[in-house]
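Reminder that position 40 of the sequence shown reads as 51 in our numbering, one-by-one numbering, no gaps. No residue lacks a Cβ here, since even glycine has one placed at the ideal position from N, Cα and C. Every value quoted in this text rests on a predicted model; they were computed, and no experiment measured them. The structure appears below as structure tokens.
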Amino acid sequence: MSDAAVHVGSGKIRELYALDDDRLLLVASDRISTFDVVLPTEIPDKGRVLTGLSGFWFARTEKLVPNHLLALREDGRTTECRRLEMLPIECVVRGYLSGSGWKDYRSTGSVCGHRLPAGLLESQRLPEPIFTPATKATTGHDENIDREAAAALVGAERFAEVEQTALELYAFASEHALERGIILADTKLEFGIDPDGALVLGDEAFTPDSSRFWPADEYQAGQAPPSYDKQFVRDYCESLGWDKTYPGPELPAEVVEGTRARYIEAFTTLTGIDFDAYLDDPAVVLG
Ligand code: Q0Z
């Protein structure tokens with residue numbers, strides 16, 4: 012990384028640096044979280060898999076919406092990006108009923124103001140994908156909000172634009188994934204505005220950390236599907252009887268190796284690109 016880069020933000024998994032007034036570096040670590048706790052053991056190459064996947068999706072969706080990607084660095088885990096004015100909402104699209112969407116549906120019959128048919132099961136595919144914005148919580152969990160609340164935060168015109176764009180992006184990526192045996196149950200997108208006022212896709216895109224990936228061949232409505240990437244970690248943590256509060260447990264080598272293999276399998280399955288080719292030259296995902 013450039014010596015001049017100034018650290019400007021930390022997520023649980025990623026770090027953000029400013030290169031100059033117009034450019035940021037987004038660095039994906041190999042940290043992994045489960046049940047909202049970052050574990051003390053890393054998954055080698057996880058940050059490279061997620062960076063490569065985001066780059067792949069950015070390159071393939073740039074006709075739908077411009078994005079912040081400027082370049083992938085040789086380390087495979089660092090994205091150079093345009094610095095944007097980020098919108099103050101998380102742009103979630105759900106094609107299936109899971110997580111907070113399922114919880115909200117069970118208690119109210121609606122998700123973010125979308126009235127849904129009665130009798131839906133956990134994990135069931137929705138009649139059509141829905142845009143379910145959330146506020147960005149500085150601590151704790153994002154809070155689902157309805158379209159009126161989201162429009163109040165970004166303006167009615169911008170709201171209509173991000174809703175339409177997020178639904179188009181989800182349709183594209185979920186169809187691509189399903190053709191390769193992966194259900195993209197839902198996803199969280201973040202958008203910003205460039206100096207010309209144009210909407211730009213930022214952050215990460217359609218990674219297993221920003222989306223629920225489910226193996227299509229094991230999918231069944233009415234049960235919580237296994238996570239494509241984190242199931243070994245969850246199963247191991249459940250087997251310990253850990254109370255899911257900090258600190259989390261160390262992972263044994265076989266759980267680390269199995270999980271690493273799943274991340275790399277997701278990369279290869281979705282991109283059709285050999286992961287070693289990505290390590291050799293990260294720009295292969297942009298072609
Ligand atoms: C992304 C985040 C991370 C902590 C700000 N292109 C952009 N322009 C302006 N701001 C951002 C971006 Cl991506 C931006 N985040 C999320 C990422 C660590 C927080 F790596 N915050």
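- Annotation for C248: the continuous alpha helix (DSSP H) segment containing it runs 242-251.
- The region 205-214 and the region 239-255 do not touch, with fewer than three beta-carbon pairs separated by less than 8 angstroms.
- In the structure shown, Y28 adopts extended strand secondary structure according to DSSP, grouped into three states.
- Counting along the chain, A82 sits inside the beta strand (DSSP E) bounded by residues 80-83.
- Straight-line measurement puts the Cα of Q175 at about 38 angstroms from the Cα of T256.
- Look at the beta carbons and you see the region 193-204 not touching the region 43-63: under three pairs across the two are nearer than 8 angstroms.
- Approximately 5 angstroms separates the beta-carbon atoms of I100 and A161; this is inside 8 angstroms, confirming the contact.
- Cα atoms of G20 and E26: separation of roughly 6 angstroms, rounded to the nearest angstrom.
- A direct Cα-Cα distance of roughly 7 angstroms separates A70 from G298.
- If you check the C-beta of R158 against the ligand Q0Z, you find no heavy atom less than 8 angstroms away.
- Between the ligand Q0Z and the CB of S21, the shortest heavy atom gap is smaller than 8 angstroms.
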